[in-house]
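Using UniProt numbering, read the sequence shown as starting at 31 and increasing by one per residue.
For each residue, glycine too, the CB sits at the ideal point set by N, CA and C.
Fair warning: this is a prediction, and the values are worked out from it, not measured in the lab.
In what follows, a structure is listed as C-alpha cells, so that the remarks can point back to it.
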Amino acid sequence: GPAKVVIIGGGPGGAAVANRLRTADPGLAVTLVEPKEKYTTCFYSNLYLGGFRSFRSITFDYEGVKKRGINVVTDTATAIDTTAKTVTLAHGSVPLGYDRLVVAPGIDLKFDSIEGYSPEAAKIMPHAWQGGEQTWILKEKLLALQDGGLVVMSSPPNPYRCPPGPYERACMIAHFLKTTKPKAKLILFDAKKTFSKQAVFEEAFEEYYKDIIEINLTNEIDDYSVVKVNAQTGEVTTKSGRTERAALANIVPAQKAGSIAAKAGLTDGDWCPVNPQNFTSTKTKDVYVLGDAAIAADMPKSAYSAVSQAGVVAADIVADLSGKPRPPGRYRNTCWSMVAPGNSAKIGGDYSPGEKNGKPFLQGKNEFISKPDDSPAVRQETNQESRDWYQTIVADLFG
Ligand code: FAD
C-alpha cells in the first residue's frame, strides 16, 4: 500500500506538514492526530485580549484539513514505539503504524517550577500560553476586573514559546485597561535581564502606558523570577522576596516540549534535539520533531518558524521515501508584535544549518528588527504586514 506518515499535533507545525505532504505527493497516506476539535491560535491571541479580535476569529476547526484528504484522528497519542513503528492512542484500540513519524506537540508548562501553581491554579491564575480555554479565561477575568484592580504578569526564563509574546501581551492588556479601566495597573515580573525587541517595547511602554505598566526585569540585585503563587489570596512572590496581591494574575511558567516527546525518548533535557538540515530527531530513526518542541536554536519558537520548518520536513520525507537527494533546508522567521493601535514592530531573518561550539545550530542571516524611532507610517505598514501574514497562514493551515 501507500507509504504511511503519521503526524502528532495539529498546530502550525503538524498541520503544515500534513498539507505540504498532500500537495507534494497525493499518493501518501497522511494521518494527523490531534485531541482538540478546534484550534485557537496563540498568535493574535494578545490582540483578542486587547480588544482587536474576537475569539471566533482566532479559532479554527479541522474541516478544511480533512477536505484535503488528510485523515484527521481526534485523539491523543499516548506512546510511540520506534522499533515497531507504531503510535498508541488514548481512545483508539489499534495502534497506528507509520513509515515516517512527525512529532509536533508544542509545549507543556513546567507547573512545578512555581510553588502553588498547577493546572487547577491556572483556572484562577491563567497562563494563556496554550490557546483555547486558557485564552478565554484570561479575557473573561480582564473583563470582570474592577477599575483600580491590580494585574500581575510573570514572564518566563529562556527558552520559551514566542520570545516577544509576554511584552506584546503587556501592551495589549495595558491598552485594554487604558481604554476600559483607566485606574487599573499592570506589574510585570520578569525572570530575564533582557528580552526580544526590548528597545521598541520600552519606547511603547513609555509612550502609551506610562501610568499603567511597571516592568521589573531581573538585575544584579533583584531576581524577579516568580517562584510562588497563592491562587486563593492572589499573592505572587518573586525570588528576591517581593510579594504583590493581584486581583488578576497571568502566570507564564517555564516551558518544555509537549510531554509525549519525553515519553517517547525524543528529549535531551526539556526539548528535542534535531538535525538542523531537516529536523530529523537525533534520538531515533524515521522520526521528525518540529515547531516549539524542537531545539532549533537560534530560530525562535514561533508559528512562522514552525511552518517554515514544516516545508523542509515535508520535502525531506517525500525525497527520502522516493530515494531522491535530500538537500539541507533553508528557513525563515518573522515575529510581529502589536504595541498600540496601528503600531506593530517586527524581528526576523533567514536561517541555515551550521554548527556552534560543536553543536548543531541554525545560523541567522539577513536579520532585521524594527527601530524605536520608526515613523508612524512604517509602523502602520508593519501592522498591515502582520495582518496579511495572519490571514495567509490561517488560510494555509486550516482553510
Ligand atoms: P502548537 O501550536 O502548540 O500545536 C501543538 C498541537 O499538538 C496542539 O494542538 C496540541 O493539542 C497537540 N498535541 C500535544 N500533545 C499531543 C499528543 N500527545 N497527541 C496529539 N496531539 C497532541 N508565533 C508567531 O509566529 N507569531 C506570533 O505573533 C505569535 N504570537 C504568540 C503570542 C502568544 C501569546 C503565544 C503564547 C504564542 C505566540 N506565537 C506566535 C507562538 C506560536 O503560537 C507557537 O510557536 C506555535 O503555536 C507553535 O506551533 P506547534 O505546532 O509547534 O505547537
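No heavy atom of the ligand FAD is found nearer than 6 Å to the CB of A284.
Restricting attention to D328, L172, P196, A46, the CA atom closest to the CA of K389 is found in D328.
A distance below 8 Å between beta-carbons, with the five flanking residues on each side excluded, links F225 to the following residues of its chain, in chain order: S185, P193, P194, P196, Y197, F231, L247. For F206, the distance from the CB to the nearest heavy atom of the ligand FAD is not below 6 Å.
Look at R409 here: in three-state DSSP terms it is helix. Judged by beta-carbon spacing, V342 lies within the 7 Å limit of G359, meaning their Cβ atoms are closer than that value. The DSSP assignment places complete alpha helix (DSSP H) segments of no fewer than 4 residues inside the segment 86-172 at 93-97, 151-154, in order along the chain.
The beta carbons of I217 and E265 sit about 13 Å from each other, so the pair does not count as a contact at 8 Å. Note that the C-beta distance between G127 and D105 is not below 7 Å.
In the structure shown, Y78 adopts helical secondary structure according to DSSP, grouped into three states. Inclusion of P303 and T310 in the CB contact set at 7 Å is not warranted, their separation being larger than that value.
The beta-carbon separation of K215 and L180, rounded to 5 Å, stays under the 8 Å limit for a contact. Counted as a single uninterrupted DSSP element, the stretch harbouring C365 is not any alpha helix (DSSP H) but the beta strand (DSSP E) occupying residues 361-370.
Under DSSP, Q307 takes part in no beta bridge, so it has no partner. Residue environment: T71 is assigned as buried (16 or more neighbouring CB atoms within 10 Å of its CB, all protein chains considered). Under the three-state reduction of DSSP, L247 is assigned to strand. Rounded to whole angstroms, the separation of the alpha carbons of L139 and A221 is 15 Å. Distance from the Cα of R52 is smallest, within the candidate group A344, L175, A407, for A344. The segment 376-385 makes no contact with the segment 148-158, as fewer than three CB pairs between them are under 8 Å. Y254 and P189 have their C-alpha atoms roughly 17 Å apart. Across the set N249, D91, P32, the C-alpha of D91 shows the shortest separation from the C-alpha of V424.
When C-alpha distances from V282 are compared across A46, D350, Q164, the shortest belongs to Q164. Straight across, the Cα-Cα distance linking Y238 with S289 is about 39 Å. Under the 8 Å Cβ criterion, the segment 96-112 does not count as touching the segment 79-86, having fewer than three qualifying pairs. In the three-state reduction of the DSSP assignment, I242 falls in the coil class, being assigned neither a helical nor a strand state.
Exposure of K213 is indicated by the presence of fewer than 16 other C-beta atoms within 10 angstroms of its C-beta.
About 4 Å separates the Cβ atoms of A134 and G44, confirming a contact at the 8 Å cut-off. In terms of side-chain proximity, the C-beta atom of R191 is found nearer than 6 Å to a non-hydrogen atom of the ligand FAD. Per DSSP, S226 lies in no beta strand (DSSP E) segment and is marked neither H nor E. Between the ligand FAD and C302, a heavy atom-to-CB distance of less than 6 Å is absent.
Bridge partners of L351 according to DSSP: none are assigned.
Closest in C-alpha terms to V60, from the list L79, L131, Q393, comes L131. With distances taken between CA atoms, T113 lies nearest to D129 out of D129, K211, A292, C201.
When the beta-carbon positions are compared, S405 and N363 stay at least 7 Å from each other. Within the model, the alpha-carbon separation for G41 versus N280 is close to 23 Å. Between I167 and L79, the C-beta spacing is not below 7 Å.
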